[in-house]
Amino acid sequence: MTVDPPSTPPFRDPHLPFAKRIDDLLARLTPDEKIAFLHQFAPAVDRLGVAAWRTGQEALHGVAWMGPATVFPQAVGLGATWNPDLVRRIGEAVSKEARAMRARDDRVGLNIWSPTVNLLRHPLWGRNEEGYSEDPRLTSAIATAYTHGLRGDHPRYWRTAPVLKHWLAHNNETDRATSSASVRPRVLHEYDLRAFRDTVGAGAVAGVMPAYNLVNGRPNHVSPYLREQLRTWTDEELLVCSDAGAPSNLVDAEHYFDTHEEATAAALLAGVDSFTDHGTDASLITARVKGAVERGLLTEADIDTAVRRQLSVRFRLGEFDPHYDPHRGTGEFDTPAHRALAREAAEQAVVLLKNDDDLLPLAPDTRIAVVGLLADECKLDWYSGSLLHRSTPLEGLYERFGAERVEFAEGVDRVRLRTAAGAFLSVPPANAPDRARGAEGALDPALLSGRTDLPPLTADATGTEFALADWGEGVLTLRAPDGRYLSVAEDGFLRASADQPGGWVVQETFRLEPHRGGHLLKHLGTGRHVRVAADGVKVADNGDVFEVVTVERGEEAVARVAGGADVVLVVAGNDPHINGRETEDRTTLLLPEHQRRLLRAARDANPRTVLVLVSAYPYAVDTTRLPAALWTAHGGQAAGTALARVLAGDVSPAGRLPQTWYASDADLPDLFDYDVIGSRQTYLYFEGTPLFPFGHGLSYASFAYADPSARVAAGALYVSCTVTNTGDRPADEVVQLYARAADPSVPRPRRELLAHRRLTLTPGEPTPVSFEVPLTALEFWDVTRAGMCRERGPYELLLGASSEDIRLRTTVHVDGEPPMPRAVLEQGLFGADFDEQSGAALVDRTRAAGDAVTPAGDGTAELVFRACDFGAGATEVTALVAGEGTVELALDGGPVLAALTLDTPTAGPYAYTTLAAGLVAEGVHDVRLRLRGPLRLAHVGFSG
Numbered sequence: 003m004t005v006d007p008p009s010t011p012p013f014r015d016p017h018l019p020f021a022k023r024i025d026d027l028l029a030r031l032t033p034d035e036k037i038a039f040l041h042q043f044a045p046a047v048d049r050l051g052v053a054a055w056r057t058g059q060e061a062l063h064g065v066a067w068m069g070p071a072t073v074f075p076q077a078v079g080l081g082a083t084w085n086p087d088l089v090r091r092i093g094e095a096v097s098k099e100a101r102a103m104r105a106r107d108d109r110v111g112l113n114i115w116s117p118t119v120n121l122l123r124h125p126l127w128g129r130n131e132e133g134y135s136e137d138p139r140l141t142s143a144i145a146t147a148y149t150h151g152l153r154g155d156h157p158r159y160w161r162t163a164p165v166l167k168h169w170l171a172h173n174n175e176t177d178r179a180t181s182s183a184s185v186r187p188r189v190l191h192e193y194d195l196r197a198f199r200d201t202v203g204a205g206a207v208a209g210v211m212p213a214y215n216l217v218n219g220r221p222n223h224v225s226p227y228l229r230e231q232l233r234t235w236t237d238e239e240l241l242v243c244s245d246a247g248a249p250s251n252l253v254d255a256e257h258y259f260d261t262h263e264e265a266t267a268a269a270l271l272a273g274v275d276s277f278t279d280h281g282t283d284a285s286l287i288t289a290r291v292k293g294a295v296e297r298g299l300l301t302e303a304d305i306d307t308a309v310r311r312q313l314s315v316r317f318r319l320g321e322f323d324p325h326y327d328p329h330r331g332t333g334e335f336d337t338p339a340h341r342a343l344a345r346e347a348a349e350q351a352v353v354l355l356k357n358d359d360d361l362l363p364l365a366p367d368t369r370i371a372v373v374g375l376l377a378d379e380c381k382l383d384w385y386s387g388s389l390l391h392r393s394t395p396l397e398g399l400y401e402r403f404g405a406e407r408v409e410f411a412e413g414v415d416r417v418r419l420r421t422a423a424g425a426f427l428s429v430p431p432a433n434a435p436d437r438a439r440g441a442e443g444a445l446d447p448a449l450l451s452g453r454t455d456l457p458p459l460t461a462d463a464t465g466t467e468f469a470l471a472d473w474g475e476g477v478l479t480l481r482a483p484d485g486r487y488l489s490v491a492e493d494g495f496l497r498a499s500a501d502q503p504g505g506w507v508v509q510e511t512f513r514l515e516p517h518r519g520g521h522l523l524k525h526l527g528t529g530r531h532v533r534v535a536a537d538g539v540k541v542a543d544n545g546d547v548f549e550v551v552t553v554e555r556g557e558e559a560v561a562r563v564a565g566g567a568d569v570v571l572v573v574a575g576n577d578p579h580i581n582g583r584e585t586e587d588r589t590t591l592l593l594p595e596h597q598r599r600l601l602r603a604a605r606d607a608n609p610r611t612v613l614v615l616v617s618a619y620p621y622a623v624d625t626t627r628l629p630a631a632l633w634t635a636h637g638g639q640a641a642g643t644a645l646a647r648v649l650a651g652d653v654s655p656a657g658r659l660p661q662t663w664y665a666s667d668a669d670l671p672d673l674f675d676y677d678v679i680g681s682r683q684t685y686l687y688f689e690g691t692p693l694f695p696f697g698h699g700l701s702y703a704s705f706a707y708a709d710p711s712a713r714v715a716a717g718a719l720y721v722s723c724t725v726t727n728t729g730d731r732p733a734d735e736v737v738q739l740y741a742r743a744a745d746p747s748v749p750r751p752r753r754e755l756l757a758h759r760r761l762t763l764t765p766g767e768p769t770p771v772s773f774e775v776p777l778t779a780l781e782f783w784d785v786t787r788a789g790m791c792r793e794r795g796p797y798e799l800l801l802g803a804s805s806e807d808i809r810l811r812t813t814v815h816v817d818g819e820p821p822m823p824r825a826v827l828e829q830g831l832f833g834a835d836f837d838e839q840s841g842a843a844l845v846d847r848t849r850a851a852g853d854a855v856t857p858a859g860d861g862t863a864e865l866v867f868r869a870c871d872f873g874a875g876a877t878e879v880t881a882l883v884a885g886e887g888t889v890e891l892a893l894d895g896g897p898v899l900a901a902l903t904l905d906t907p908t909a910g911p912y913a914y915t916t917l918a919a920g921l922v923a924e925g926v927h928d929v930r931l932r933l934r935g936p937l938r939l940a941h942v943g944f945s946g
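Under my numbering, the first residue of the sequence shown carries the number 3, and numbering increases by one thereafter.
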């Protein structure tokens, strides 16, 4: 008697389509097993041989949090390369390292939570370092390249599965879990959605992550745009992963729902498929889902939809086909090619801001003084891996010019801290080994604690001389002579224990607070003050008073080395964990005063002073008295070598600014003002004079533009020119194509990037450059049609080296729709479709969908709707409102013609009622609506 072997279940059959295999696996899972899959940490199903799985692996510019990996420049630095081909190769390297790391550590995930495609609308946003650009098209070009690299080229199996962050309109860390961005339809469709739409449409995105904030009064985790927009852009199943803790925020912080069962059900129905909440503990989420099912808020079919999307990603990653997965054996990690790529990226990210009299590049025999708080640093950020290799600007200059030609002064203040008893704080000797933060890897590095294997500080008659750096707003770090930063561990003792400031809550920052003729030393991580106790120095509710004894001011050391040098390099910028990072926005564009002091000291000692900014964001810095300046983001493991090669002229700089550098804080809108059109934000609308414009970047070569040509055919713009390197060295040029509607019917961008190309040109080489741009790139959101519209008329095409350095112009006439007034008798006016507003905020019309308008601030708002056509005449106006208050209507600049008052408050913010009043209007007019009181206006209708 023979026994037939058990047949292979269809979900294990690699020859079947993924959809059929997913259907089969879903049918085999029990309801409880499906619900368990909805948490970030999905458990194994042993009876089916299905392994445990988790969403989420950070890899913004290299594999993060899981120990050593190749570290590339920050995302904003990758944006500054303006080079999609380079960024695609970086994505390939990162995904290969993720595969190689997973082979030896199964904690490393393949569902990559990168890239960030939030637009860099406001330079004070704390997470500026994570985005690519203020421009939607540049952002999507770089993001598309990175996601294609992460995905790989195999038609069936993905190397990793990238998830875009953070959906949607997310540019503030202040109150980020409770604040609402007011985003009117034009801004939504022309700006915030565009970078997501174009990247998803390119076909290498596995999903998105909603942001913590609300948009128009509705949390992003229940956003109707997930269904109405995102899932219409691709035929692929997209996995929507919540941000950490955000599902609970719907009740606990935002109070948007009364119960967690309601909130969880609403999020899942809106499109959230994987819930990142309560760390590895899935019990609360699963209990909430089960509770929602029991209450009839969810069905098994709803759960199946979410699980199907997760399984789709897992199948594409080859989890169920180990013998067919072409990426399974990938072992490329820290290869020579990856190291070379890290250096190439760091070189291409350097932006030459200014270079009077060709001070740069430096001759080989130049005597260099390199000074500044960043001169001997290779800083990492929250989304970095640990360094395998390290190169600081100082080390790069030593290597390139020779140590004998380079002098260094960090510019810290050298201080001792004396107690009222006359003793000084002292770092005792320690024999513990060096240990870099995060080198061992962690699923959640926020849980890593400080070191307790080193002795606490004490106080004695001699004390220790500390290096004090003020990073702005009085936030200080104190470093011991052995290079370790003062830090506080969980036991409350103060130790010299950290290799760098870092952590989710930074434990290495302090503030000196004047007190009784001395200073209290406040530890910012705990909010407590430093005091000397019998068992060591610790933080306590009542701190000791210290006298700060300055041994040497930083500018004294800077002046000493600067005076005898041929050129001084002042390396300034930010520490990515201090004053501007996730959870913390900046308050100013200014360079911190400590670093301004160093810059003044260097310039006073030597007029040949070059400012090298190494930062995650723009600064407003006066370069008038400086002959040269450069900027680079924190450039990863090869940053110092790359910078030195650029300064030496081995590489001609060709990075370009991915966002506007404003001249002062006065040029900035409010951080919470998301209306880029109305408040004239970014290079698209800004009408002032920037410090440095979008797309700016100089070269050691020069380039001539000639022979412009443009035509319209087959639904596209065809634009070309010739670019010639007129310099004496090979160099890259970034050719930028902009467009401007010459006679628009509504406010349109001053100029808008359509396309760009980075090319390498040898001296004297004329190179033809051509662009094919679909005419859809000229569209805007037309509120009169509630859709995208290409308006007929002339469009000026601008070719040049930046948004302001335009070399060639030509005009084309494009066919399209004619301007049309609003047909208010047929359609009325939706409150959110205003052309202009003052004092208004957009809010949710209902919890599920739709927008309304309400007064913000003092309770009064004005809305303007241009060109409203009343035809032969209107005799009545109606307003759909909730709350209480008054809607006043006027035409053009005239008097109030109708007032609609809701005296009795409605039952709640979503309980709308219709008010009516008489009106006499005919022809075309601008309608002005004034809202008074706490009411919500959804729609205004007219009848004749």
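A virtual CB, placed ideally from N, CA and C, is assigned to each residue, including glycine.
These numbers come from a predicted model, not from an experiment.
Lys381 sits in coil when the DSSP states are folded into three classes, being neither helix nor strand. In the three-state reduction of the DSSP assignment, Glu475 falls in the coil class, being assigned neither a helical nor a strand state. With respect to the 8 Å criterion, Leu390 and Gln639 are classified as neighbours on the basis of their beta carbons. Bridge pairing for Arg811: Leu800 [DSSP]. Counting C-beta pairs with one atom in each stretch, the stretch 358-372 and the stretch 556-568 have three or more that are closer than 8 Å, which means they touch. Going by DSSP, Phe410 is part of the beta strand (DSSP E) stretching over 408-411. By the Cβ test, the stretch 537-549 is not in contact with the stretch 571-579, since fewer than three Cβ pairs between them sit closer than 8 Å. Collapsing the DSSP output to three states places Val119 in coil. Leu600 has its alpha-carbon roughly 56 Å from the corresponding atom of Pro821. Residue pairing from DSSP places Thr724 in a beta bridge opposite Ala708, Pro770. Pro221 is a Cβ neighbour of Leu252, given a cutoff of 8 Å. In this structure, Ala71 lies away from Glu94, with their beta-carbon atoms at least 8 Å apart. Residue environment: Ala743 is assigned as buried (16 or more neighbouring CB atoms within 10 Å of its CB, all protein chains considered).
About 6 Å separates the beta carbons of Val165 and Cys243, which is inside the 8 Å limit, making them a contact pair. Using a Cβ distance threshold of 8 Å, Ser666 and Ala622 count as a contacting pair. Contact check for Thr511 against Val417 fails: the beta carbons are separated by 8 Å or more. By the Cβ criterion, the stretch 808-816 is not in contact with the stretch 840-856, since fewer than three pairs of Cβ atoms, one from each stretch, lie closer than 8 Å. Apart from the 5 residues on each side of it in sequence, Pro823 sits with its Cβ closer than 6 Å to the Cβ of Ala869, Asp871, Val926 in its chain, given in chain order.
With a cutoff of 8 Å on beta-carbon distance, Trp384 and Arg196 are scored as not near each other.
Segment contact: the stretch 757-777 against the stretch 720-729, three or more CB-CB distances shorter than 8 Å; contact assigned.
Contact check for Ala876 and Val889: beta-carbon distance about 15 Å, past the 8 Å limit, so the pair fails to qualify. Per DSSP, reduced to three states, the secondary structure at Asp25 is helical.
Cβ-Cβ separation between Ala179 and Tyr214: approximately 5 Å, consistent with a contact (criterion under 8 Å).
With respect to the C-alpha of Ala29, the residue from Leu50, Pro226, Glu239 having the closest C-alpha is Leu50.
Sequence-distant partners of Asn218 (beyond 5 residues in either direction) whose C-beta falls short of 8 Å from its own C-beta, in its chain, are Ser182, Ala183, Ser184, Val185, Ala834, Leu844, Val845, Asp846, Asp853.
Pairwise C-beta distances place the stretch 619-636 out of contact with the stretch 327-344, as fewer than three of them are shorter than 8 Å.
For Phe426, the enclosing beta strand (DSSP E) starts and ends at 426-428. In this structure, the straight-line span from the alpha carbon of Leu232 to that of His525 is close to 44 Å. Among the bridge pairs identified by DSSP, Met790 is matched with Trp783. Here His191 carries a helix assignment [DSSP, helix/strand/coil]. Within 10 angstroms of the beta-carbon of Met790 lie fewer than 16 other beta-carbons, which makes it exposed.
Beta-bridge annotation (DSSP): Gln738 is paired with His758, Gly802. Straight across, the Cα-Cα distance linking Gly920 with Phe259 is about 39 Å. As far as DSSP is concerned, Val560 takes part in no beta bridge. In this structure, DSSP gives Ala618 a state outside helix and strand, which the three-state scheme calls coil.
With respect to Gly887, Arg932 sits apart: the two C-beta atoms are not nearer than 8 Å.
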